[in-house]
Amino acid sequence: MTNKFLILLFLVFPFSLMAQTSIKLNLQQGETYDQNTSNSVSIEQTVNGQPMSINMDNESQNTFFLKEVEGNNYIFEIKFTSLEVGLEMGPQLQTFTSEGGEDPFSKILKALTHQSFIMTISNRGEVIGIDNMDDFWEGVTKETQDIPEMQRNQVISQLKQSYGKEQLKSNYEKIFSIYPSKPVKRNEKWEINSKLVGAMSADISRSFVLEKLSKESVIIKGTSKISTNPENKEFTVVNGMPSRFEGGGTMTSTFNLDKKIGWITSATINQEMKGVTILQAQGQEMTIPMVINSLSVVKEGHACYSLD
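Mind the numbering: the sequence shown is residues -19 to -1, 1 to 289 in mature numbering (1 follows the signal peptide of the UniProt record, and there is no 0), read in order.
Here it is as structure tokens:
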């Protein structure tokens, strides 16, 4: 009986090893990888007892040129090839685009598409750094000298809340920071912690599971808990006004990878937040209850991952 058990264990053990898969970036220097993203945000808030709704949409087409490979790290030059921003607040609906808009906001979006910045990322999806942002914004400023300085600075200040160094790092971590640190098998889970930065700062505890692994595809699903630090009383300047968000929420995500080339064929990230924003104005504080829901969608580009 013991011998039969050992033989069975010997037969099962190597197959268990084979069922594990290493999911990591394996990209080629000199190649360009594409990624298109869209973000929709809805905000329900109460100001002085009056309900107010704000809807925002953001679409971008991006190219990632792999300039250099350093060990397990990849150094990308990233460009926005197209940008579009939509804003709906009450009866007002505004759309701005880098594709030929003549208003100041659209002109500055167009200038953004003529610049580039550097992102360093590990083969496990950790965003190590965002660089060259000073040159990025200097190029935008030089290209938009026909816009009055005060108006130009105001628009650039607003855009930095979405395309600033820390905000870009946070956004790319949402997409890339999904890979396990070791080989995993189907239904196995792993944890990754990250931060949400910008107008709203919070800690994100992310849990992922390898849901499907076939000859054609890899599907990773994630659930996350988002929470602000109750001891953090610092304010961030948003649109010229100091503000702080207190609250929490959840995030669910699905990432579909093509197993042959590994690039994300589709991804959705749903985020739900509830809390209050505290504003400082003229030495006084105003508390605004709000509910924030967002949906981010990533569309297929071209790249290669190692799934061995």
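Note that CB positions come from ideal geometry on N, CA and C, so glycine has one too.
What you are looking at is a predicted structure, and each value in this text was computed from that prediction instead of being measured.
Rounded to a whole number of angstroms, what is the C-alpha to C-alpha distance between residue i and residue j?
i, j, result
"Ser182", "Glu119", "26 angstroms"
"Phe157", "Glu107", "7 angstroms"
"Leu140", "Arg187", "28 angstroms"
"Lys5", "Asp112", "23 angstroms"
"Leu288", "Leu177", "The predicted model places Leu288 with a pLDDT of 40, which falls under 50 and marks its position as unreliable; any figure quoted below should be read in that light. Going by the C-alpha atoms only, they are around 29 angstroms apart."
"Ser143", "Glu192", "32 angstroms"
"Met(-2)", "Gly203", "Low per-residue confidence applies at Met(-2): pLDDT is 48, beneath 50, and the placement is therefore not dependable, though the value from the model is reported in the following sentence. Roughly 24 angstroms separates the two Cα atoms."
"Thr76", "Phe61", "18 angstroms"
"Phe(-10)", "Trp244", "Confidence at Phe(-10) is low in this model, with a pLDDT of 43, below 50, so its placement is unreliable and no value can be given for it."
"Ile201", "Phe189", "7 angstroms"
"Glu281", "Gly228", "33 angstroms"
"Lys214", "Gln263", "18 angstroms"
"Val272", "Asn36", "12 angstroms"
"Gln261", "Gly67", "27 angstroms"
"Val218", "Ser224", "6 angstroms"
"Ser162", "Met131", "48 angstroms"
"Met232", "Ser175", "12 angstroms"
"Gln1", "Gln42", "34 angstroms"
"Phe236", "Leu93", "28 angstroms"
"Phe98", "Gly145", "11 angstroms"
"Gly179", "Tyr153", "13 angstroms"
"Met222", "Lys255", "21 angstroms"
"Tyr286", "Ser21", "With a pLDDT of 40 at Tyr286, under the threshold of 50, the modelled position of that residue is not reliable, and no figure is offered here."
"Pro(-6)", "Asn7", "The predicted position of Pro(-6) is uncertain, since its pLDDT is 44 and thus under 50; no value can be drawn from it."
"Arg133", "Asn168", "51 angstroms"
"Ala284", "Gln16", "Confidence at Ala284 is low in this model, with a pLDDT of 44, below 50, so the placement of that residue is unreliable and no value is reported for it."
"Met114", "Ser138", "14 angstroms"
"Glu40", "Thr18", "6 angstroms"
"Tyr14", "Ile59", "10 angstroms"
"Gly82", "His95", "15 angstroms"
"Ile24", "Ile259", "15 angstroms"
"Met100", "Lys155", "14 angstroms"
"Ile185", "Thr209", "9 angstroms"
"Leu194", "Asp84", "48 angstroms"
"Phe226", "Phe117", "29 angstroms"
"Gln159", "Asn220", "Note that residue 159 is Ile in the sequence shown, not Gln. Ile159 and Asn220: Cα-Cα distance of roughly 32 angstroms."
Who pairs with residue i in a beta bridge, going by DSSP?
i, result
"Ser205", "Arg187 and Met232"
"Met37", "Val22 and Leu68"
"Gly256", "Gly228 and Met271"
"residue 293", "Nothing in the structure corresponds to residue 293, since the chain is present only between -19 and 289."
"Glu266", "Gln261"
"Glu51", "Asn54"
"Ile242", "DSSP, once it has assigned bridges, lists no residue as partnering Ile242."
"Lys193", "Ile200"
"Lys175", "Before going further, note that residue 175 is Ser rather than Lys in the sequence given. Ser175 pairs with Ile185."
Hey, is residue i close to the ligand MN, as in C-beta under 6 angstroms from one of its heavy atoms?
i, result
"Ser19", "Questions concerning the ligand MN fall outside what the structure shown contains, since it holds no ligand whatsoever."
Just to check my reading of the structure: residue i and residue j have Cβ atoms closer than 8 angstroms, yes? What is that Cβ distance to the nearest angstrom?
i, j, result
"Gly230", "Glu212", "Actually they do not touch by this definition, with Cβ atoms about 19 angstroms apart."
"Val257", "Ile242", "Not quite, the Cβ-Cβ distance comes to about 45 angstroms (not below 8 angstroms), so this is no contact."
"Val47", "Leu64", "The residue you asked about is not Val; residue 47 is Leu in the sequence shown. Rounded, the Cβ-Cβ distance is 22 angstroms, inconsistent with contact."
"Ser198", "Leu238", "7 angstroms"
"Ile109", "Phe57", "Actually they are not in contact, since the Cβ atoms of Ile109 and Phe57 sit about 11 angstroms apart, beyond 8 angstroms."
"Pro164", "Ser3", "4 angstroms"
"Val121", "Phe86", "Not quite, the Cβ-Cβ distance comes to about 12 angstroms (not below 8 angstroms), so this is no contact."
"Glu49", "Gln9", "Actually they do not touch by this definition, with Cβ atoms about 12 angstroms apart."
"Lys240", "Lys196", "7 angstroms"
For the pair the segment 236 to 251 and the segment 260 to 277, tell me if three or more CB-CB distances fall below 8 angstroms.
yes
At a cut of 8 angstroms, does the segment 50 to 59 reach the segment 29 to 41 through at least three beta carbon pairs?
no
Write down every uninterrupted run of the beta strand (DSSP E) in the segment 103 to 172 whose length is 3 residues or greater and which is fully enclosed by it, in chain order.
108 to 112
I'd like to know if the segment 67 to 79 and the segment 122 to 129 are in contact, where contact means that at least 3 CB-CB pairs between them fall below 8 angstroms.
no
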